[in-house]
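Beneath this line is the structure, given in structure tokens, with notes to follow.
Chains as they are written, first to last, in this note's numbering: chain P, 409 to 681; chain U, 196 to 398.
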């Protein structure tokens with residue numbers, strides 16, 4: 409299954425590294441103002457994760473539609489050298505166009521598609537886009553498997569837990585995105601306060617989680633979203649989420665390198681130091 | 196106008212933040228996992244094995260094992276946790292011997308850890324370097340050194356026995372604001388300690 413407008417990883421080879429958002433060379437010698445600058449950017453990335461988390465978690469309402477519509481006007485990838493960034497921009501453009509005129513009919517139509525895609529409403533024979541990692545990574549394709557246990561362990565080590573514990577499996581995509589948003593906020597705060605070493609450990613933890621969890625299954629999920637969805641809004645969401653995580657897959661190692669933490673990706677942060 | 200990827204992603208995040216997108220807020224700060232008795236450092240395994248029978252707390256000759264209370268949550272209530280204010284763990288293994296479900300295991304104090312000690316903001320040297328070195332003097336494993344008048348814990352040596360917490364005089368010598376039960380040095384599970392160091396809460 410291939411997303412509309414998506415390039416294969418092979419097609420992107422050779423382009424992604426230099427397209428990194430953190431593509432500064434000699435970054436080890438950064439001034440504190442540069443750290444503070446990256447810290448601000450991390451805060452903005454956290455908000456992007458929050459936006460995706462909320463779009464996956466619930467149907468589109470008027471306020472979210474307004475936000476998405478305004479994002480569609482942000483120009484991206486003017487020179488065509490950043491395929492992953494282009495997917496984000498194209499995805500937001502599709503979503504924005506779908507909610508430019510947002511009335512009750514559009515709201516209902518998108519709510520129906522949301523239920524169809526994520527809640528399996530009207531799906532009897534085929535798998536819908538169930539936003540839980542265990543479903544995509546376990547042999548049986550069911551909830552509450554090894555992925556959930558591992559994510560739960562990671563949350564606990566980081567001192568967070570789902571609100572109303574016991575009701576939501578920890579490997580729910582919204583929670584995984586929120587977890588990364590939280591790490592980026594912590595990272596931004598540490599850079600702002602001038603603690604690049606601590607920030608480096610958080611960046612490493614974020615990359616470990618991205619590689620060990622989100623990238624494990626979200627590419628398959630977005631392919632399912634794209635297959636099941638009937639509206640441009642959710643086709644666009646699939647495209648932009650796929651592109652965004654591809655961007656992150658390029659950029660986070662560069663951030664780790666910039667902050668001087670270049671250990672093996674996926675290494676347990678708890679084992680460090 | 197063409198934007199770099201970074202400018203573009205920053206613009207998306209900034210716009211989302213300006214529009215008040217604040218996430219879903221279903222992931223909240225949890226209470227820190229406490230230090231568990233010997234051999235119970237795998238929290239999930241311990242949660243499933245412990246039957247809250249209280250035998251480990253009752254038999255501990257140093258009174259260094261306490262239990263969780265109902266206000267800690269339904270899962271944590273009556274689960275044993277180390278409380279070093281009355282004594283340290285001597286790794287005597289009496290608790291391991293009385294555990295009926297093998298939720299506790301004997302550990303090697305030279306290799307394994309209950310947790311690691313960190314220096315908190317209640318430490319006397321936080322404001323007055325050189326004023327105290329009790330934790331260094333009492334550590335049975337030589338894990339604490341004084342650098343620039345302040346204690347530094349070598350987390351590769353410290354096994355979380357809790358002697359430094361037991362004898363820390365910070366709450367005796369001065370009144371403190373904030374968490375009045377927190378001493379100048381505290382032991383946390385390794386991952387919790389690392390996070391607190393990263394967050395600048397402790398050092």
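Each residue gets a CB set at the ideal place from its N, CA and C atoms; glycine is no exception.
Residue i, DSSP secondary structure in three states
i: residue 260 of chain U; result: strand
i: residue 580 of chain P; result: strand
i: residue 615 of chain P; result: helix
i: residue 433 of chain P; result: Unreliable placement is indicated for residue 433 of chain P, whose pLDDT of 41 sits below 50; the coordinate value is still reported in the next sentence. Three-state DSSP puts residue 433 of chain P in coil, outside helix and strand.
i: residue 399 of chain U; result: Residue 399 of chain U is absent from the model: chain U starts at 196 and stops at 398.
i: residue 336 of chain U; result: coil
i: residue 424 of chain P; result: Only weak support is given to the placement of residue 424 of chain P: the predicted model assigns it a pLDDT of 43, under 50, and the question is left unresolved by the model.
i: residue 604 of chain P; result: helix
i: residue 413 of chain U; result: Residue 413 of chain U is absent from the structure shown; chain U starts at 196 and stops at 398.
i: residue 674 of chain P; result: Below a pLDDT of 50, predicted positions are generally treated as unreliable, and residue 674 of chain P, at 44, falls in that range; no measurement from the model is reported.
i: residue 326 of chain U; result: coil
i: residue 559 of chain P; result: helix
i: residue 268 of chain U; result: coil
i: residue 309 of chain U; result: coil
i: residue 293 of chain U; result: helix
i: residue 537 of chain P; result: coil
i: residue 669 of chain P; result: coil
i: residue 354 of chain U; result: coil
i: residue 394 of chain U; result: coil
i: residue 656 of chain P; result: helix
i: residue 531 of chain P; result: coil
i: residue 664 of chain P; result: helix
i: residue 247 of chain U; result: coil
i: residue 199 of chain U; result: coil
Residue i - partner residues in DSSP beta bridges
i: residue 314 of chain U; result: U/380
i: residue 223 of chain U; result: P/569
i: residue 587 of chain P; result: Per DSSP, none; premise fails for residue 587 of chain P.
Unbroken beta strand (DSSP E) run spanning residue i, endpoints
i: residue 341 of chain U; result: 339-342
Boundaries (first-last residue) of the alpha helix (DSSP H) holding residue i
i: residue 361 of chain U; result: 358-362
i: residue 553 of chain P; result: No alpha helix (DSSP H) contains residue 553 of chain P, which DSSP labels as neither H nor E.
i: residue 234 of chain U; result: That residue, residue 234 of chain U, is in no alpha helix (DSSP H); it is neither H nor E in DSSP.
i: residue 214 of chain U; result: Taken as a continuous stretch (DSSP letters only), residue 214 of chain U belongs to no alpha helix (DSSP H), as it is neither H nor E.
i: residue 250 of chain U; result: 250-254
i: residue 546 of chain P; result: Unbroken run through residue 546 of chain P: none, as it is neither H nor E.
i: residue 301 of chain U; result: Segment: none, residue 301 of chain U is in no alpha helix (DSSP H) and carries neither H nor E.
i: residue 283 of chain U; result: Taken as a continuous stretch (DSSP letters only), residue 283 of chain U belongs to no alpha helix (DSSP H), as it is neither H nor E.
Does the segment 454-468 of chain P come within contact of the segment 205-212 of chain U, defined as at least 3 CB pairs closer than 8 Å? Segments in contact, yes.
Can at least three beta-carbon pairs, one atom from the segment 524-544 of chain P and one from the segment 495-513 of chain P, be found at a separation below 8 Å? By the Cβ rule, the segment 524-544 of chain P does not count as touching the segment 495-513 of chain P, because fewer than three pairs are nearer than 8 Å.
If we count Cβ pairs, one from each stretch, closer than 8 Å, do we get three or more for the segment 234-248 of chain U versus the segment 273-289 of chain U? Enough Cβ pairs lie closer than 8 Å, so yes.
Between the segment 650-664 of chain P and the segment 610-621 of chain P, do three or more beta carbon pairs fall short of 8 Å? With a cut-off of 8 Å on Cβ pairs, the segment 650-664 of chain P is in contact with the segment 610-621 of chain P, counting three or more such pairs.
Every unbroken alpha helix (DSSP H) within the segment 445-528 of chain P, with a cutoff of 4 residues, ordered by chain: 470-479, 491-506 and 512-526, all fully within the segment 445-528 of chain P.
Within the chosen definition, does the segment 354-363 of chain U reach the segment 333-344 of chain U through at least 3 CB pairs nearer than 8 Å? Pairwise C-beta distances place the segment 354-363 of chain U in contact with the segment 333-344 of chain U, as three or more of them are shorter than 8 Å.
Whole alpha helix (DSSP H) runs in the segment 615-652 of chain P with 4 or more residues, listed along the chain? Every alpha helix (DSSP H) of 4 residues or more that sits fully in the segment 615-652 of chain P is shown, in chain order, as 623-636.
So does the segment 536-545 of chain P actually touch the segment 621-629 of chain P, counting three or more Cβ pairs closer than 8 Å? Under the 8 Å Cβ criterion, the segment 536-545 of chain P counts as touching the segment 621-629 of chain P, having at least three qualifying pairs.
Mind the definition here: the segment 646-658 of chain P touches the segment 628-636 of chain P only if three or more C-beta pairs lie below 8 Å; say whether that holds. Short answer: they touch.
Closer than 8 Å is the cut-off here; do at least three beta carbon pairs connect the segment 310-327 of chain U with the segment 290-298 of chain U? The segment 310-327 of chain U is not in contact with the segment 290-298 of chain U.
Contact between the segment 294-307 of chain U and the segment 256-264 of chain U is defined here as three or more beta-carbon pairs at a separation below 8 Å; is this criterion met? The segment 294-307 of chain U, when compared against the segment 256-264 of chain U, does not touch it at the 8 Å Cβ threshold.
The segment 589-598 of chain P touching the segment 444-454 of chain P, judged by at least three CB pairs closer than 8 Å: Flag = yes, the segment 589-598 of chain P and the segment 444-454 of chain P touch.
Using 8 Å as the Cβ pair cut-off and three pairs as the minimum, do the segment 560-579 of chain P and the segment 223-240 of chain U touch? The segment 560-579 of chain P makes contact with the segment 223-240 of chain U, as at least three CB pairs between them are under 8 Å.
The segment 209-217 of chain U in contact with the segment 458-468 of chain P per 3-pair CB rule at 8 Å: A contact exists between the segment 209-217 of chain U and the segment 458-468 of chain P.
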